[in-house]
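Chains A and B, in that order, are what the protein sequence lines are. Using our numbering, read the first sequence as starting at 1 and increasing by one per residue. Using our numbering, read the second sequence as starting at 1 and increasing by one per residue. Each remark here refers to the structure printed beneath this line.
Protein chains: 2
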Amino acid sequence: MLRIGLAGQPLFDLAGAASTMGALGKRHMFERDSTISTMSAQVARIIGTRIVSGEFGPGDSLPIEAELCQEYGVSRSTVREAVKNLAAKRLIEVAPKVGTRVLPFADWNLLDPDVLSWRLSAQFDERIIEDLYEVRQCFEPRACYLAARSGTTEDHDRIRRRYADMVSMLDQAPLAAGAESEFHLAIIAATHNGLFVTIGGAVKTALKASFSMTQKDASGTPIDLAPYEAVLSAILAREGERAEAAMRCLLDLSRQRVLAAVAHHRERGRGWR
Amino acid sequence: MLRIGLAGQPLFDLAGAASTMGALGKRHMFERDSTISTMSAQVARIIGTRIVSGEFGPGDSLPIEAELCQEYGVSRSTVREAVKNLAAKRLIEVAPKVGTRVLPFADWNLLDPDVLSWRLSAQFDERIIEDLYEVRQCFEPRACYLAARSGTTEDHDRIRRRYADMVSMLDQAPLAAGAESEFHLAIIAATHNGLFVTIGGAVKTALKASFSMTQKDASGTPIDLAPYEAVLSAILAREGERAEAAMRCLLDLSRQRVLAAVAHHRERGRGWR
DNA sequence: TTTCTTCTTATGGTATGATGATAAGATTGT
DNA sequence: ACAATCTTATCATCATACCATAAGAAGAAA
Chain A
1 MLRIGLAGQP
11 LFDLAGAAST
21 MGALGKRHMF
31 ERDSTISTMS
41 AQVARIIGTR
51 IVSGEFGPGD
61 SLPIEAELCQ
71 EYGVSRSTVR
81 EAVKNLAAKR
91 LIEVAPKVGT
101 RVLPFADWNL
111 LDPDVLSWRL
121 SAQFDERIIE
131 DLYEVRQCFE
141 PRACYLAARS
151 GTTEDHDRIR
161 RRYADMVSML
171 DQAPLAAGAE
181 SEFHLAIIAA
191 THNGLFVTIG
201 GAVKTALKAS
211 FSMTQKDASG
221 TPIDLAPYEA
231 VLSAILAREG
241 ERAEAAMRCL
251 LDLSRQRVLA
261 AVAHHRERGR
271 GWR
Chain B
1 MLRIGLAGQP
11 LFDLAGAAST
21 MGALGKRHMF
31 ERDSTISTMS
41 AQVARIIGTR
51 IVSGEFGPGD
61 SLPIEAELCQ
71 EYGVSRSTVR
81 EAVKNLAAKR
91 LIEVAPKVGT
101 RVLPFADWNL
111 LDPDVLSWRL
121 SAQFDERIIE
131 DLYEVRQCFE
141 PRACYLAARS
151 GTTEDHDRIR
161 RRYADMVSML
171 DQAPLAAGAE
181 SEFHLAIIAA
191 THNGLFVTIG
201 GAVKTALKAS
211 FSMTQKDASG
221 TPIDLAPYEA
231 VLSAILAREG
241 ERAEAAMRCL
251 LDLSRQRVLA
261 AVAHHRERGR
271 GWR
């Protein structure tokens with residue numbers, strides 16, 4: 001049983017000393033990532049980060065609810081919501097009379113945006129980017145094939161529109177990144193396979209999170225549209241194999257671009273965040 | 001704003017009329033899926049089923065917390081935990097002052113075991129099985145390639161052991177299905193790509209859930225070991241391409257087997273569940 | 001000593017009621 | 001008509017209490 005934190009003094013006092021006030025309004029009292037709205041979400045983030053950073057290892061027990069309340073200075077309801085949240089992400093498992101235990105890594109839902117961003121902030125790792133692109137190379141070429149072969153004309157129209165959006169936003173870097181995601185998602189949606197959509201959405205969020213880590217979207221170098229155009233034309237022509245190959249190529253270029261941006265960002269600026 | 005349920009009378013009275021007793025012990029009072037331990041999990045399942053069955057459409061608001069308490073005869077804490085759970089699965093989004101709204105289908109985490117089983121129980125659809133196998137065909141052959149090319153000898157040993165387990169359990173149908181999953185998971189683990197592991201775990205759970213729907217594991221016909229042996233030997237020989245092709249073949253056979261079992265089950269026994 | 005039973009305790013699950021903050025809608029004054 | 005204000009609906013949080021039960025401790029019997 002691993003126990004952390006000096007007994008008594010909260011590691012992170014989210015709520016301050018005053019006890020009997022509504023808490024939502026005290027958001028301004030702690031600067032710690034005030035973009036997260038609720039306290040339970042913040043507690044979840046803190047505990048989650050401590051788990052993915054390895055401070056709690058698989059099989060370890062978390063402190064009991066009452067201790068967590070003390071540590072973070074919040075009520076039991078809040079802690080319970082946070083814990084439930086982490087359990088839903090399969091980071092922990094909570095059983096009556098036995099406490100809250102960290103699950104083995106293999107159980108973690110790494111596709112969860114929160115889990116991903118916690119992992120990135122705990123220790124940024126190019127490996128995570130590589131893994132993401134490995135997954136994309138598995139799914140997106142196939143999705144492209146299916147979109148070309150069995151997508152409806154409405155699907156194709158939407159893909160075309162997303163491409164047009166991309167073109168029109170080419171100069172505004174942050175918008176372009178979003179438009180690019182939408183292009184990919186439109187292709188995936190054209191497969192009409194819900195699981196593809198789920199995985200695609202997770203990957204999109206994951207990439208966005210990793211971009212925001214490097215604080216720059218693809219290092220400002222303008223995107224080369226040619227590979228996208230190749231994908232688009234192959235899909236519209238309903239040439240499955242060509243679409244598949246074009247997407248494979250696109251992803252490879254994209255991967256290189258992102259890794260280059262990461263490397264570039266790594267050498268200037270002494271680290272991550 | 002969509003409101004369902006006749007105001008006042010609970011649709012499902014989970015807790016009964018008595019109000020001031022601990023509730024866990026009253027599990028025996030309702031037969032409704034008593035395998036689920038906590039009430040909040042049951043409430044989540046009921047609401048989740050109503051969502052995936054289309055009773056609430058995307059954009060609709062769920063009844064407010066107080067109404068849900070009444071409908072299901074549980075306290076607000078319980079309802080809140082259930083709602084949080086559904087939000088973690090991206091079925092709904094809850095915002096202060098605006099209530100709880102159903103998210104568009106594209107946001108749902110279809111890889112979540114609960115979501116999958118709710119979908120299956122709401123309306124069993126061969127399509128879901130097809131989608132699952134489409135996903136498997138995307139990433140398992142690639143995982144096989146990577147396992148063959150870059151797996152450690154420990155990884156390979158573990159794969160070999162899982163295969164041996166499969167062989168030894170060949171006659172006990174329920175165990176064999178589990179052993180087969182473990183074989184696949186061992187291959188996926190050998191890629192050392194966490195995302196593959198996450199997706200693989202979800203797919204495994206999903207298949208298990210769909211099997212339990214048909215109440216028979218692969219219709220009792222004994223599994224043909226040859227394709228598995230082909231995969232194993234290719235991996236151990238570190239022949240990536242051959243391993244990839246062998247897995248592709250294996251999955252295709254497996255898919256046919258499962259669909260046949262589903263069809264078989266469909267014609268006798270007038271439906272699902 | 002060993003084993004079985006019983007008691008205690010630690011721990012999560014649930015209930016209840018109250019307060020706070022605020023977005024959305026209703027009301028009112030100009 | 002429009003803008004400012006008030007009210008309400010609704011979730012977020014807190015505090016406290018009780019219950020059920022798994023695990024562990026203590027004691028009794030063989």
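Cβ atoms here follow ideal geometry from the backbone N, Cα and C, with glycine treated the same way. Just so you know, these numbers come straight off a predicted model, no measurement behind them.
| Glu93 (chain B) - DSSP class collapsed to helix/strand/coil | Stepping through the second sequence from its first residue, residue 93 (chain B) is reached at position 93. Three-state DSSP puts Glu93 (chain B) in a strand.
| field | Interface residues of chain B facing Ser77 (chain A) [CB-CB closer than 9 Å] | value | On the first sequence, position 77 is the one that residue 77 (chain A) refers to. Correct list: Ser77 and Arg80.
| message | For Ile46 (chain B), tell me which candidate among B:Glu134, B:Val262 and B:Cys69 has the shortest Cα-Cα distance. | response | Position 46 of the second sequence, counted from the start, is the residue given in the question as residue 46 (chain B). Closest by alpha carbon: B:Cys69.
| said: Quick check: does the Cβ of Glu65 (chain B) come within less than 7 Å of any heavy atom belonging to the ligand GTP? | reply: Within the structure as shown, the ligand GTP is missing, as the structure has no ligands at all.
| field | DSSP three-state assignment for Gly57 (chain B), whether helix, strand or coil | value | Position 57 of the second sequence holds residue 57 (chain B). Here Gly57 (chain B) sits in coil by DSSP.
| task | Look up Arg101 (chain A) in the DSSP assignment and say whether it is helix, strand or coil. | result | Taking the first sequence and counting its residues from 1, the one referred to as residue 101 (chain A) is at position 101. Per DSSP, reduced to three states, the secondary structure at Arg101 (chain A) is strand.
| task | Could you list which residues in chain A have their beta carbon closer than 8 Å to that of Leu132 (chain B), in chain order? | result | Within the second sequence, the letter at position 132 stands for residue 132 (chain B). Neighbours of Leu132 (chain B) on chain A, chain order: Leu195.
| With distances taken from CA atoms, which of A:Ala206, A:Ala234 and A:Lys97 is nearest Arg160 (chain A)? | Against the first sequence, residue 160 (chain A) aligns to sequence position 160. Here the closest residue by C-alpha is A:Ala234.
| message | Here's the rule: buried if 16 or more other CB atoms are within 10 angstroms of the residue's CB, otherwise exposed. What is Pro63 (chain A)? | response | Position 63 of the first sequence, counted from the start, is the residue given in the question as residue 63 (chain A). Buried, since its Cβ has 16 or more Cβ neighbours within 10 Å.
| query | Quick one: is Gln123 (chain B) buried, meaning 16 or more other Cβ sit within 10 Å of its Cβ, or exposed? | reply | As a first step, residue 123 (chain B) must be located in the second sequence, where it is residue number 123. Gln123 (chain B) comes out exposed.
| query | Nearest-angstrom Cα distance between Glu154 (chain A) and Leu195 (chain A)? | reply | Within the first sequence, numbered from 1, the residue matching residue 154 (chain A) stands at position 154. Within the first sequence, numbered from 1, the residue matching residue 195 (chain A) stands at position 195. For Glu154 (chain A) and Leu195 (chain A), the distance between alpha carbons rounds to 20 Å.
| field | Residue range of the unbroken alpha helix (DSSP H) whose run includes Phe124 (chain A) | value | Along the first sequence, one-based indexing puts residue 124 (chain A) at 124. No alpha helix (DSSP H) contains Phe124 (chain A), which DSSP labels as neither H nor E.
| field | Length at least 4, wholly inside the segment 226 to 272 of chain B: the alpha helix (DSSP H) runs in chain order | value | 226 to 236 and 240 to 267
| said: For a contact defined as C-beta to C-beta under 8 Å, what are the partners of Lys89 (chain B) on chain A? | reply: What you label residue 89 (chain B) is simply residue 89 of the second sequence in a count that begins at 1. Neighbours of Lys89 (chain B) on chain A, chain order: Ala88.
| request: Could you check what DSSP says for Ser168 (chain A) in three-state terms: helix, strand or coil? | output: Stepping through the first sequence from its first residue, residue 168 (chain A) is reached at position 168. Correct three-state label for Ser168 (chain A): helix.
| task | Using beta-carbon positions only, say whether Ser121 (chain B) and Thr49 (chain B) come within less than 8 Å of one another. | result | Residue mapping note: residue 121 (chain B) aligns to position 121 of the second sequence, counting from 1. Residue mapping note: residue 49 (chain B) aligns to position 49 of the second sequence, counting from 1. It is a contact, given that the beta carbons lie within the stated cut-off.
| Measuring CA to CA, which of B:Arg127, B:Asp60 and B:Gly73 is closest to Val98 (chain B)? | Indexing the second sequence from 1 puts residue 98 (chain B) at position 98. It is B:Asp60.
| request: For Arg119 (chain A), count neighbouring Cβ atoms within 10 angstroms of its own Cβ and tell me buried if that reaches 16, exposed if not. | output: Taking the first sequence and counting its residues from 1, the one referred to as residue 119 (chain A) is at position 119. With 16 or more other Cβ atoms within 10 Å, it is buried.
| request: Express the C-alpha separation of Val258 (chain A) and Asp252 (chain A) in angstroms, rounding to a whole number. | output: Within the first sequence, residue 252 (chain A) is the residue found at index 252, counting from 1. Within the first sequence, residue 258 (chain A) is the residue found at index 258, counting from 1. Roughly 10 Å separates the two Cα atoms.
| Does the distance from the C-beta atom of Ala148 (chain A) to that of Ala243 (chain A) stay below 8 Å? | The sequence position of residue 148 (chain A) within the first sequence is 148, counting from 1. The sequence position of residue 243 (chain A) within the first sequence is 243, counting from 1. It is a contact, given that the beta carbons lie within the stated cut-off.
| Which class does Tyr163 (chain A) belong to by DSSP, given the choice of helix, strand or coil? | By one-based count along the first sequence, residue 163 (chain A) stands at place 163. The answer is helix: DSSP assigns Tyr163 (chain A) an H, G or I state.
| Reference Arg248 (chain B); option with closest CA among B:Cys144, B:Thr205, B:Phe211 and B:Asp125 | Counting from 1 along the second sequence, the entry for residue 248 (chain B) is found at position 248. Minimum Cα distance to Arg248 (chain B) is reached at B:Cys144.
| task | Leaving aside the five residues before and after Val79 (chain A) along the sequence, list all residues of the same chain whose C-beta is less than 8 Å from its C-beta, in chain order. | result | Counted from its first residue, the first sequence places residue 79 (chain A) at position 79. Hits under 8 Å: Ser40, Val43, Glu65, Leu68, Cys69 and Tyr72.
| message | Tell me the DSSP secondary structure of Ala186 (chain B) in three-state form. | response | Looking up residue 186 (chain B) in the second sequence gives position 186. Correct three-state label for Ala186 (chain B): helix.
| message | Please report whether the beta-carbon of Asp171 (chain B) lies at a distance below 8 Å from any beta-carbon of chain A. | response | For the purposes of this step, residue 171 (chain B) is taken as residue 171 along the second sequence, with counting starting at 1. No, Asp171 (chain B) lies away from the interface with chain A (no Cβ there is under 8 Å from its Cβ).
| Beta-carbon proximity check, Val94 (chain B) vs Ala87 (chain B), cutoff 8 Å | By one-based count along the second sequence, residue 94 (chain B) stands at place 94. By one-based count along the second sequence, residue 87 (chain B) stands at place 87. A contact, by the Cβ cut-off of 8 Å.
| query | Using CA coordinates, which residue listed in B:Leu232, B:Thr205 and B:Pro227 is at the minimum distance from Asp114 (chain B)? | reply | If you number the second sequence from 1, residue 114 (chain B) lands on position 114. Out of B:Leu232, B:Thr205 and B:Pro227, B:Thr205 has the C-alpha closest to the C-alpha of Asp114 (chain B).
| message | What are the residues in the segment 136 to 148 of chain B lying within 7 Å of chain A by C-beta distance? | response | Cys138, Phe139 and Arg142
| field | Buried or exposed by the 16-neighbour rule on C-beta atoms within 10 Å, applied to Pro96 (chain B) | value | Sequence index remark: in the second sequence, residue 96 (chain B) carries index 96 (1-based). Looking at its Cβ environment, which holds fewer than 16 other Cβ atoms inside 10 Å, Pro96 (chain B) is exposed.
| field | Identity of the residue in B:Ala230, B:Asp171, B:Ile51 and B:Ala226 nearest Arg101 (chain B) by Cα | value | Taking the second sequence and counting its residues from 1, one reaches residue 101 (chain B) at position 101. The shortest CA-to-CA distance from Arg101 (chain B) to any of B:Ala230, B:Asp171, B:Ile51 and B:Ala226 is the one to B:Ile51.
| said: Using only the alpha-carbon positions, how far apart do Thr188 (chain A) and Val197 (chain A) sit? | reply: Walking along the first sequence from the start, residue 188 (chain A) turns up at place 188. Walking along the first sequence from the start, residue 197 (chain A) turns up at place 197. Looking at the sequence provided, one finds Ile at residue 188 (chain A) rather than Thr. Cα-Cα distance, rounded: 6 Å.
| query | Exposed or buried, which one is Asp112 (chain A) when buried takes at least 16 other CB atoms within 10 Å? | reply | Stepping through the first sequence from its first residue, residue 112 (chain A) is reached at position 112. Looking at its Cβ environment, which holds 16 or more other Cβ atoms inside 10 Å, Asp112 (chain A) is buried.
| Which listed residue (B:Leu250, B:Leu110 and B:Phe105) has its alpha carbon closest to that of Phe183 (chain B) | Against the second sequence, residue 183 (chain B) aligns to sequence position 183. It is B:Leu250 whose Cα lies nearest to the Cα of Phe183 (chain B).
| With a Cβ-Cβ cutoff of 8 Å, do Gly201 (chain B) and Asp131 (chain A) count as a contact? | Counting from 1 along the second sequence, the entry for residue 201 (chain B) is found at position 201. Counting from 1 along the first sequence, the entry for residue 131 (chain A) is found at position 131. Not in contact: Gly201 (chain B) and Asp131 (chain A) (Cβ atoms no closer than 8 Å).
| Contacts of Leu110 (chain A) in chain B (Cβ-Cβ under 8 Å) | Here residue 110 (chain A) refers to the residue found at position 110 when the first sequence is read from its first residue. The contacting residues are Gly194, Leu195, Val197 and Thr198.
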